[in-house]
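Chains as they are written, first to last, in the working numbering: chain A, 12 to 441; chain B, 12 to 441.
Glycine included, every Cβ here is placed at the ideal spot set by N, Cα and C.
So the structure is just underneath, and the comments pick up after that.
Protein chains: 2
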Amino acid sequence: MKKKDVWRIGVAGLGTVGAGLLELVSRRPHFAPGGGLVSVTGVSARNRAAKRSVDIAAIPWFDNPVDLARSTDNDIFVELIGGSEGPAKAAVEAALAMGKPVVTANKALIACHGAKLAALAEANGATLLFEAAVMGGTPAVKMLREAMVGDEVELVAGILNGTCNYILSEMEASGRDFRDVLADAQRLGYAEADPTTDIGGFDAGHKITILAALAFGCAPTYPAAEVEGIDQVELLDIRLAKDLGYRIKLVATASRSAGGVSVRVHPALTPLDHPLARAGGALNALFIEGRTIGRIFIQGPGAGAGPTAAAVAADIADVISGAVRPVFQAPATTLEPFIPIDQSRATGRAYIRLLVKDEPGVIAAVSESLADAGVSIDSFLQKSVEGADGVPIVLTTHTAPEAVLSEAVRRMSALPALLAPPRVIRIARI
Amino acid sequence: MKKKDVWRIGVAGLGTVGAGLLELVSRRPHFAPGGGLVSVTGVSARNRAAKRSVDIAAIPWFDNPVDLARSTDNDIFVELIGGSEGPAKAAVEAALAMGKPVVTANKALIACHGAKLAALAEANGATLLFEAAVMGGTPAVKMLREAMVGDEVELVAGILNGTCNYILSEMEASGRDFRDVLADAQRLGYAEADPTTDIGGFDAGHKITILAALAFGCAPTYPAAEVEGIDQVELLDIRLAKDLGYRIKLVATASRSAGGVSVRVHPALTPLDHPLARAGGALNALFIEGRTIGRIFIQGPGAGAGPTAAAVAADIADVISGAVRPVFQAPATTLEPFIPIDQSRATGRAYIRLLVKDEPGVIAAVSESLADAGVSIDSFLQKSVEGADGVPIVLTTHTAPEAVLSEAVRRMSALPALLAPPRVIRIARI
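In C-alpha cells:
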C-alpha cells in the first residue's frame, strides 16, 4: 500500500452503523494515526431519500453497491449492507476482484463465505478486514488474528449476542417470561421485528464460527456449528439455576482437541461468580485460552452505532497502515474446513429439570434411572412452586459422556410420575 | 518491508523471557501468519556460560549487545536486557539509527525515552514495538494503539503490577502483614531480591506512562506520573476496607480532561464487586474508556516467561506484516509531553483511618473537624480490635476537592485524642 495524503472510502449501507461511520469521519477525518485524511467519496443504500442522522447530499450516490465497489473514485470499500448473499456478497467480491481493500461488519457473509473471499482477496493482493463483525467495538478479531499468534489457542468461549444477553438478564431481573421481555425489547429497539437471527442463536453462531477460524487457522465453516437459541429458556429454569449457584447464558464456544474442532452455541449454566455470568445486559464478553499465555478475558459493548463504527474505523486505519496478513492466519489456499470432533466422545455436565407428581418414591425412581445409565449426581433440589401442578425436581450431574447423559434422560422420560418432558441445559465448561 | 522467506532475529538478554522466546521460535518457527520462517541468528547476554533452559551453543554469540544490534546478520533486533539506560538504550538506539526494526519488553526505557526513540525510529523508517512492556501476554498496547483509533480515549485504569497484586491478595487471604508476605513472595520468586521497583509503584508508573502516551497521543513523560507504592498498606486497612465493601488495590490511572492529563499510581479502595477488585493474585486488568465505545475491560497474565515471550512474538509478527504506524499515535516530531492537570482542582473521595483514645467526645471531635473543613461523610465505622491500644475509627468521605480533604486531615491530626497520624487511602474513581 502506498503512502497517501487522502484515503477515499466508499460506504455501502447507511443504517445506524453506516451513519455512525459518516459522523465519525466527518468529526475526525485524521483518525488513522499518521495516515493522512480519510474522506467519504461515495455512498450507496437501498433508499436515497430515507431519513438519516447525517446529511449525504454532498456525497456522490450509487444506486448499485457493486458500482460503488468497482468505482475508481474510492480506495477502500466499506460494506455495511449485511446478509450472507445478494448485493453485499456481490459488492465485496467486485471490490476484492480488482484488488481493492474491503472492510465489512457482515458476520453472516464472513461466516458463510469467508474462505472463498479470503482466497479472492489474497489472489488479488487485497486486504479483507471484519473487526466490527464480532463484538462490535470490542476488538476480539484483532486479538485472535494478531495478539495471539505467539501462542496456540485452545479455547474461545463467550457471550456474543447482546440481544439474547439483554433478554436473559431482564428475565432474571424482572421475573417476567421470555415472550414478555422479547416484546419489550422489540418495542425498545433492542431486538429486531423478526428476532429469529438473534434469539435462535444464529448470529452468535456466525460470530463464533469466525472466531474459531481465526483461533485455529481453519476455513470458517458455518454449517459445522451446533446452534441452539434461547427461545426455550423458561423463567423457572433461570430461578432454579440461581438457587443452585448458576446463571443461564447463551454461551458460544470453540475448542480444539486432537480429535478436531467443536463449535457450539447453546444456553448454558455458568457459575454466578464467573466473569461470563457477571456480564449482564447487552454486554459481550469473551475468554481466549492459549496454551502458553493462559486465559485472557475481554468484555465490552457488542453492538451500537458508535462502537461498531469505531471498529470499522480501526479496520480502515489497519488498511492504511499497509499491514499484510493472511485473512485467517494461514494463506487462503491452505485453509481446511473444521474437522468436527466425534460427538460420541464428547463429555459434559448437565442441569436436568423434571416436573413430577407429588407422590412417594418419585425421587428414588429418578435417582435410579440416572444410576442405571451410569450418571452421578452433583446436586439435587426439590422445590414446591405455589399453584403449580406437580413438583419441580432439579439436579446437576457430574461429568459424563453426552451419550450417557442422553440415555439417562431417555430413561427418566419414561417414568410414569413425569408430568412433562425433562428439560436439559448444559453446564458451561469454562 | 519486503516479503522475505526467512526473518533473522537478534536477541539481546537471555533471562526468562529471552529463553522463553528462543523456545517459542524453535518450537514454532512459522508463528508469523503467512510471513515465512523466523530464525534466531544472534544472541547476547551478560554471561555466556550461565545455566539456561535453552541450548545456545549453535547460535552466534555477541559479547556486546550494541554489536548485535548493528549486525547485518539479523533483520529484527529484540531487546530483553531491561533498564532505562546503559546497554539496553545504546543497543536500541544503534538498531533504530540504521533503520532496523526493534521489539522490546523494556517498560523503563520506553517510559523514560519513548519520544526520543520514536523520533529516531521514524526518522530512519524503522518500527519500534513494545507490547510485552505492559501486561505481559495481555495485549493492552495493541488495543490502545490500533483498536481504539476510531474513538477518543478518556480514561485508562487498571492493575498493572502482578507482584503488588499478589502481595495484596495474599495479605487479605492469609491475614499476614506486608513484610511477611513480601518475604514469602521473594522466596517463591514472585518478587525480586530488591523489590523497590515493584512495591514502590515505579514499575506500574512506567507502564501507565506508556499507556497514557498511546491513549492520548502524547510523548511518554515519566516524571509526570504521581507514584505511591504499597509498602505502607497495613493488614488492618485491608480488613477495615473490606468491612466497608472495598478491596485495596494498587491502581494505575491515566485520564484526560480539558485541563490536561493526570497519570497516577497509588493504593486505592475499589468496590468488592468491581472487576478490578476481583482480579486477584498475579493477574493484570485494565479498563479503557472511550468517548463513543464506552468501557472495554481486559484481564490476563501480566508477567511470566511464556506469556511475555508470546507478546514479543506477536510484535515480531507485526513487524513482518509490514504495518507502518507512528510509534505513539502521532508522528514523533509532533508529540508533546503530558500537560499535567492542575492538582489544586482535583477532586476525589477518601478512606481515612484514625486510631483514637477510647474516651467520650472523640467521634464528635472527628466529625466536627471534617465538617469544619467542608467534607461530608459517606460511611463511618468504629471497631474495637482486641489487644490494641486505642480504638480504630474509619470513615469514607463523599467527593471533595483534594485540597479540602488534605485540610480536613490536617485538622484531625491536631486532635488531642489521636494516638497515631491519620492513614488516608484514596477511593478509586472507576
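Among the options, whose alpha-carbon lies nearest the alpha-carbon of residue i?
i	options	result
P101/B	L79/B, T83/B, I87/B, A122/B	In the sequence under discussion, the amino acid at residue 101/B is Ala, which differs from the Pro named in the question. Among L79/B, T83/B, I87/B, A122/B, the Cα nearest to that of A101/B is on L79/B.
L222/A	A143/A, A439/A, A431/A, V402/A	A143/A
T303/B	D162/A, G148/A, F42/A	G148/A
A68/B	A431/B, T52/B, L255/B, F391/B	T52/B
E96/A	N85/A, N117/A, E34/A, V113/A	N117/A
G200/B	P278/B, K62/B, A293/B, M182/B	A293/B
T407/B	Q393/B, A414/B, D400/B	Q393/B
E25/B	V373/B, R57/B, Y177/B, G301/B	The identity of residue 25/B in the sequence shown is Leu, whereas the question assumes Glu. Ranking V373/B, R57/B, Y177/B, G301/B by Cα distance to L25/B puts R57/B first.
A448/A	I219/B, E157/B, D242/B	A query on residue 448/A cannot be resolved here, the shown segment of chain A reaching from 12 to 441 and no further.
D16/B	A108/B, V49/B, D205/B	V49/B
T410/B	A357/B, G401/B, R421/B	A357/B
T174/A	G401/A, R190/A, V244/A, E203/A	E203/A
Could you tell me the alpha carbon to alpha carbon distance between residue i and residue j, rounded to whole angstroms?
i	j	result
L131/B	L139/B	10 Å
H124/A	L91/B	42 Å
D284/A	R289/B	10 Å
G333/B	F227/A	23 Å
V77/B	A105/B	6 Å
L454/B	I404/B	Residue 454/B lies beyond the residue range present for chain B, which begins at 12 and ends at 441; the question has no answer from this structure.
M12/B	G46/B	Its pLDDT being 46, under 50, M12/B is placed unreliably in this model, and the coordinates cannot settle the point.
V22/B	V89/B	5 Å
A343/B	P44/A	11 Å
V164/B	R267/B	8 Å
V28/A	L120/A	17 Å
S417/B	S378/B	15 Å
A194/A	R187/A	11 Å
P98/A	T319/A	21 Å
A325/B	R360/A	36 Å
D369/A	S185/A	29 Å
A341/B	A196/B	40 Å
A151/A	I309/B	11 Å
G256/B	G291/B	16 Å
G161/A	I87/A	30 Å
L225/A	F298/A	14 Å
Using a C-beta cutoff of 9 Å, does residue i count as contacting chain B?
i	result
M159/A	yes
P403/A	no
P40/A	no
S64/A	no
K15/A	no
V114/A	no
V22/A	no
T264/A	no
V393/A	First, the amino acid is wrong: residue 393/A is Gln here, not Val. Cβ-Cβ to chain B under 9 Å: no for Q393/A.
G228/A	yes
G46/A	yes
F168/A	Residue 168/A is actually Ala in this sequence, not Phe. With 9 Å as the cut-off, A168/A does not count as an interface residue toward chain B.
K127/A	no
Need the endpoints of the beta strand (DSSP E) that residue i sits in, please.
i	result
D389/B	388-393
L261/B	257-268
E90/B	87-90
S273/B	271-282
F308/B	305-312
Assuming residue i contacts residue j (C-beta within less than 8 Å), just tell me the rounded distance between them.
i	j	result
F349/A	T264/A	That pair is no contact at about 13 Å.
A236/A	V274/A	4 Å
V114/B	I436/B	The pair is not a contact, with the Cβ atoms about 38 Å apart (cut-off 8 Å).
K253/A	T281/A	Not a contact, Cβ separation roughly 11 Å.
I170/A	L287/A	6 Å
I363/A	P433/A	6 Å
E347/A	A230/A	6 Å
For the alpha helix (DSSP H) holding residue i, just list the boundary residues, first then last.
i	result
N176/A	173-185
V51/A	Not the alpha helix (DSSP H): V51/A falls in the beta strand (DSSP E), residues 48-55.
E379/B	373-384
L193/B	189-199
A130/A	118-134
Does any residue of chain A have a CB that is nearer than 9 Å to the CB of residue i?
i	result
L35/B	yes
S50/B	no
T149/B	yes
D329/B	yes
P342/B	yes
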